[in-house]
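Undergrad: Here you go, one structure.
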Amino acid sequence: MRKNLLAILLVLPALVMIVLFFIVPLIASILGAFEVGDAWGLGNFRKSFELYSGDMIFTVVIVTVSTALIGIFSIAIGGYLTLGENPRAVAILRWLYRWPMFIPFIVVGQILRTFLAKNGLMNNIFVSLGVLTPLQTVGFLDWRGIVIAFVWKQTPFVTLLVAGAMASLDRSTIEAARNLGASRLRILIEIVLPQISGTLLVGLILSFVTMMSVLSVPLMINAQSPTMLTADIAFRINAHGDYGVANALGMISLILTTGVALIYLRQTMKERS
Amino acid sequence: MNAQAFLKVAGMSVGYGPTTVLDNLDLDIAKGEFVALLGSSGCGKTTLLRTIAGFAKPFSGRIEVAGRNVTELPPDKRGMALVFQSYALWPHMTVAQNIGYGLKLQKRSRETIQSRVAEMQDLLGLSDLGNRKPGQLSGGQRQRVALGRALAIDPEILLLDEPLSNLDARIRLTVRHEIRVLQKRLGITAVHVTHDREEAMVMADRIVIMNSGRIEQQGPPEEVYNKPASPFVATFMGAENFLPMQARVQGDLIELAEGAYNQASVTPRAGRSLATGPVELRFRSEAARLIPVNDAATQGTGQLELRGQIVSVSYPGGHWRHAVRLGDREILVDADRPFNQGETVKVSIPAASLFIFNTPANTAKVA
Chain G
233 MRKNLLAILL
243 VLPALVMIVL
253 FFIVPLIASI
263 LGAFEVGDAW
273 GLGNFRKSFE
283 LYSGDMIFTV
293 VIVTVSTALI
303 GIFSIAIGGY
313 LTLGENPRAV
323 AILRWLYRWP
333 MFIPFIVVGQ
343 ILRTFLAKNG
353 LMNNIFVSLG
363 VLTPLQTVGF
373 LDWRGIVIAF
383 VWKQTPFVTL
393 LVAGAMASLD
403 RSTIEAARNL
413 GASRLRILIE
423 IVLPQISGTL
433 LVGLILSFVT
443 MMSVLSVPLM
453 INAQSPTMLT
463 ADIAFRINAH
473 GDYGVANALG
483 MISLILTTGV
493 ALIYLRQTMK
503 ERS
Chain L
80 MNAQAFLKVA
90 GMSVGYGPTT
100 VLDNLDLDIA
110 KGEFVALLGS
120 SGCGKTTLLR
130 TIAGFAKPFS
140 GRIEVAGRNV
150 TELPPDKRGM
160 ALVFQSYALW
170 PHMTVAQNIG
180 YGLKLQKRSR
190 ETIQSRVAEM
200 QDLLGLSDLG
210 NRKPGQLSGG
220 QRQRVALGRA
230 LAIDPEILLL
240 DEPLSNLDAR
250 IRLTVRHEIR
260 VLQKRLGITA
270 VHVTHDREEA
280 MVMADRIVIM
290 NSGRIEQQGP
300 PEEVYNKPAS
310 PFVATFMGAE
320 NFLPMQARVQ
330 GDLIELAEGA
340 YNQASVTPRA
350 GRSLATGPVE
360 LRFRSEAARL
370 IPVNDAATQG
380 TGQLELRGQI
390 VSVSYPGGHW
400 RHAVRLGDRE
410 ILVDADRPFN
420 QGETVKVSIP
430 AASLFIFNTP
440 ANTAKVA
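Residue numbers (our numbering), protein chains in the order written: chain G, 233 to 505; chain L, 80 to 446.
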């Protein structure tokens with residue numbers, strides 16, 4: 233009995249922290265989503281779907297496309313780091329690929345805004361190279377800009393996980409495939425990738441959730457409509473003081489990320505059984 | 080060794096970065112031969128195998144298969160298949176997929192692959208396990224899948240990198256027999272890397288003993304066992320008793336001078352290249368015989384007789400093992416019956432079991 237009490241005492245500080253700073257605000261925000269004036273109801277959700285259903289689709293499409301691209305790029309980079317035969321190129325790539333990880337999202341948004349704009353650095357370079365004329369230039373400051381920013385920022389993170397998993401594979405499983413005549417691309421797809429798919433999935437899901445919560449990139453790159461849910465939430469609160477709809481939008485994005493988390497849980501359960 | 084070597088390694092030097100592991104190494108292997116590369120860890124035997132397989136690039140030298148230079152070819156174009164120490168099975172593929180992968184890469188038809196995989200499974204006793212994943216197999220079964228995967232592509236040469244070292248001692252005995260039978264049946268040329276002397280003896284037609292990147296000796300098992308060419312080989316092949324002596328070479332005879340624990344004796348030279356001077360004697364504990372000191376039997380011709388005291392007795396199974404003190408040295412001698420601790424005994428070693436080498440400082444004189 234006394235032992236039990238001591239155990240509870242030891243856990244208590246952590247428990248209090250979680251309840252006070254995580255569970256209470258979460259519940260408050262969920263309850264807030266159903267609060268319309270002085271009554272309970274679905275009004276906030278109705279309004280959310282009326283005003284922002286386009287943005288919801290926009291958000292899901294952007295984050296999904298970004299996740300797919302991040303997956304492709306991280307597999308390609310990790311694969312080259314693992315299977316590349318030019319030691320110097322591998323060393324340079326290994327040194328280079330991590331940098332974007334250390335740059336905050338807001339700075340990424342700012343960098344890419346000046347780079348991707350219609351008269352930004354990228355188009356200036358193309359024009360000065362004679363590839364494009366000033367009239368042909370197109371700005372990328374729309375959904376494409378957001379995707380580019382997300383992929384640029386999140387690929388190193390997933391690559392880090394993927395390359396680590398690839399490096400810890402039993403090298404001889406790769407050599408055995410080479411011994412039987414598999415090309416490097418086939419080794420990557422048929423031998424390496426299946427063995428690290430769990431790690432890749434975790435990396436992509438964490439990226440998905442991260443991108444769902446980024447406010448600065450859509451604000452910096454694509455402030456017009458349609459935009460991402462995070463920008464809408466900020467707008468509801470800052471411009472209208474409308475916490476009800478903001479909470480409802482928050483819950484909707486929570487449901488979206490929960491869906492992804494469920495896919496992950498099902499996958500890990502399948503792997504364990 | 081053979082006029083027509085099937086697999087030929089000529090003047091090959093290999094290393095990693097600035098270190099050279101194998102220096103100017105030559106090795107010829109005949110078609111259908113089973114060769115064991117034997118040596119302690121770090122002797123370069125695995126490097127040699129990996130270079131033959133094409134996973135390490137030699138600094139210089141050539142590798143030929145049936146007269147064809149394969150030195151620059153990638154691993155899959157050499158007609159060789161390697162069985163890895165860790166088996167290197169692909170955990171996400173079934174047994175059948177593992178075995179059939181090489182054929183899939185060769186773009187064989189589905190039917191061909193299926194029948195070949197079934198054939199391999201039958202051959203290796205894996206018939207009911209085709210749909211299992213490697214994680215659901217025992218060590219011995221995994222080993223056989225690895226073998227099946229290598230054999231499925233019908234290689235001319237099978238390379239085995241310590242394939243038995245991850246198996247239980249008991250399974251190992253049966254598997255080494257199985258591999259040998261299979262190799263004979265298929266008539267395939269095999270190169271087997273191992274650090275286990277007995278394994279090499281049982282499996283191989285020829286043993287190549289390696290030491291710090293060089294081939295110390297090669298020959299049939301009975302030859303390297305009974306006629307070791309160097310102290311290293313003698314020790315590695317189990318002749319661990321070691322005694323320093325003075326020797327005088329006279330024609331076909333070797334005179335061993337009287338020492339602290341022996342009378343002078345003469346033994347036939349028997350083709351040994353030996354120079355007069357300090358020598359080291361090596362022999363196996365089971366080759367020597369223990370005789371009570373008061374035994375009147377006279378010393379046989381050619382054999383060496385030593386006099387010492389029993390220090391300890393143990394029973395490792397089958398025979399009694401005695402530690403015998405000779406002056407400042409100790410040797411191990413086996414006998415059918417136990418002698419008493421402290422008893423003074425004679426140790427008799429027949430000429431044929433006596434390995435005599437010049438001590439290294441003296442080897443320069445041997446020309």
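Yeah, the Cβ is synthetic: ideal placement off N, Cα and C, and Gly gets one too. All values derive from a computational prediction rather than experimental measurement.
Anything in chain G within Cβ reach of P213 of chain L, meaning under 8 Å, just list it in chain order.
TA: Per Cβ cutoff of 8 Å: no residues; P213 of chain L is ~10 Å from chain G at best.
Undergrad: Give the straight-line distance between the Cα atoms of G214 of chain L and M398 of chain G, rounded to the nearest whole angstrom.
TA: Looking at the backbone, the Cα of G214 of chain L and that of M398 of chain G are separated by about 19 Å.
Undergrad: Is the CB of G181 of chain L under 8 Å away from at least one CB in chain G?
TA: It does: the Cβ of G181 of chain L has a partner Cβ on chain G nearer than 8 Å.
Undergrad: Given that L412 of chain G touches chain L, what residues does it touch there, using C-beta distances under 7 Å?
TA: Neighbours of L412 of chain G in chain L, taken as residues at a C-beta separation under 7 Å, are given in chain order as D155, Y180, G181, L184, I232.
Undergrad: For the segment 413-439 of chain G, which residues have a beta carbon sitting closer than 7 Å to at least one beta carbon of chain L?
TA: G413, A414, I423, P426, Q427
Undergrad: Which residues of chain G have a Cβ atom closer than 7 Å to the Cβ of A170 of chain L, listed in chain order?
TA: A small correction: the amino acid at residue 170 of chain L is Pro; Ala does not occupy that position in the sequence shown. Result: Q427.
Undergrad: Let's test the definition: count the other Cβ atoms within 10 Å of the Cβ of I357 of chain G and tell me whether it reaches 16, buried, or not, exposed.
TA: Classification for I357 of chain G: exposed.
Undergrad: Got a sec? Which residues, its chain only, sit under 7 Å from R345 of chain G by beta carbon, not counting five neighbours each side?
TA: These residues qualify, in order along the chain: L373, M452, I453.
Undergrad: Quick one: grab the DSSP three-state call for S298 of chain G.
TA: helix
Undergrad: Could you check what DSSP says for K502 of chain G in three-state terms: helix, strand or coil?
TA: helix
Undergrad: Please list the segments of the beta strand (DSSP E) lying wholly inside the segment 234-293 of chain L, counting only runs of 3 or more residues, in order along the chain.
TA: 236-240, 268-273, 285-290
Undergrad: Below 8 Å, can you find three or more Cβ-Cβ pairs linking the segment 87-107 of chain L to the segment 316-325 of chain G?
TA: Counting Cβ pairs under 8 Å, fewer than three are found: no touch.
Undergrad: Three or more beta-carbon pairs under 8 Å between the segment 133-144 of chain L and the segment 291-302 of chain L, yes or no?
TA: Touching, no.
Undergrad: Quick one: what does DSSP say G473 of chain G is sitting in, helix, strand or coil?
TA: DSSP places G473 of chain G in coil when its eight states are reduced to three.
Undergrad: Who are the near neighbours of R403 of chain G in its chain, counting only those whose CB is closer than 8 Å to its CB and skipping five residues on each side?
TA: none
Undergrad: Go ahead and pull the three-state DSSP assignment for W384 of chain G.
TA: helix
Undergrad: Applying the criterion that 16 or more other CB atoms from any shown protein chain within 10 Å of the CB defines a buried residue, is N341 of chain L buried or exposed?
TA: buried
Undergrad: Please report whether the beta-carbon of L161 of chain L lies at a distance below 8 Å from any beta-carbon of chain G.
TA: Yes, L161 of chain L lies at the interface with chain G (some Cβ there is under 8 Å from its Cβ).
Undergrad: Counting along the chain, where does the beta strand (DSSP E) carrying M91 of chain L start and finish?
TA: For M91 of chain L, the uninterrupted beta strand (DSSP E) segment begins and ends at 86-95.
Undergrad: Which chain L residues sit within Cβ distance under 8 Å of E407 of chain G?
TA: Near E407 of chain G (Cβ distances below 8 Å), the residues of chain L are F134, P154, L161, F163, A167.
Undergrad: Decide if the segment 274-284 of chain L is in contact with the segment 397-405 of chain L; the criterion is three or more beta carbon pairs, one per stretch, under 8 Å apart.
TA: With fewer than three CB-CB distances shorter than 8 Å, the segment 274-284 of chain L does not count as touching the segment 397-405 of chain L.
Undergrad: For a contact meaning CB atoms closer than 9 Å, what does G400 of chain G contact in chain L?
TA: One detail in the question is off: residue 400 of chain G reads as Ser in this sequence, not Gly. Within chain L, no residue comes near S400 of chain G; the closest Cβ sits about 13 Å away, beyond 9 Å.
Undergrad: With a threshold of 8 Å on Cβ separation, who are the neighbours of R468 of chain G within its own chain once the five nearest residues in sequence on each side are excluded?
TA: D474, Y475, V477, A478, L481
Undergrad: Would you call the segment 319-326 of chain L in contact with the segment 282-293 of chain L, where contact means no fewer than 3 C-beta pairs closer than 8 Å?
TA: no
Undergrad: Following the continuous beta strand (DSSP E) through R330 of chain G, name the residue where it begins and the one where it ends.
TA: It is not in any beta strand (DSSP E) - R330 of chain G carries neither H nor E in the DSSP assignment.
Undergrad: Any contact of the segment 204-213 of chain L with the segment 230-241 of chain L, i.e. 3+ C-beta pairs under 8 Å?
TA: no
Undergrad: Which residues of chain L have a Cβ atom closer than 8 Å to the Cβ of S485 of chain G, listed in chain order?
TA: Taking the beta carbon of S485 of chain G as reference, no residue of chain L falls within 8 Å; the closest one sits roughly 34 Å away.
Undergrad: Pairs of beta-carbons, one from the segment 158-166 of chain L and one from the segment 241-249 of chain L, closer than 8 Å: are there three or more?
TA: yes
Undergrad: For my contact list, G179 of chain L and I192 of chain L are in at a C-beta cut-off of 8 Å; report their separation, rounded to the angstrom.
TA: 5 Å
Undergrad: Would T387 of chain G pass as a contact of F334 of chain G if the rule is Cβ separation under 8 Å?
TA: Judged by beta-carbon spacing, F334 of chain G lies beyond the 8 Å limit of T387 of chain G, meaning their Cβ atoms are not closer than that value.
Undergrad: Kindly say whether S404 of chain G, judged by its beta-carbon, lies nearer than 8 Å to any beta-carbon of chain L.
TA: yes
Undergrad: From what residue to what residue does the beta strand (DSSP E) around E359 of chain L run?
TA: 356-362
Undergrad: Here's a check: name, in chain order, each residue in its chain whose Cβ is nearer than 7 Å to the Cβ of V424 of chain L, leaving out the five neighbours to either side.
TA: For V424 of chain L, where only same-chain residues beyond five positions count, the Cβ hits under 7 Å are L369, I370, P371, V372, G387, I389, V403, F418.
Undergrad: Whole angstroms are fine: how far does the CA of F281 of chain G sit from the CA of L461 of chain G?
TA: 11 Å
Undergrad: When DSSP labels each residue in this structure, what does G310 of chain G get in the three-state scheme?
TA: G310 of chain G falls in the helix class under three-state DSSP.
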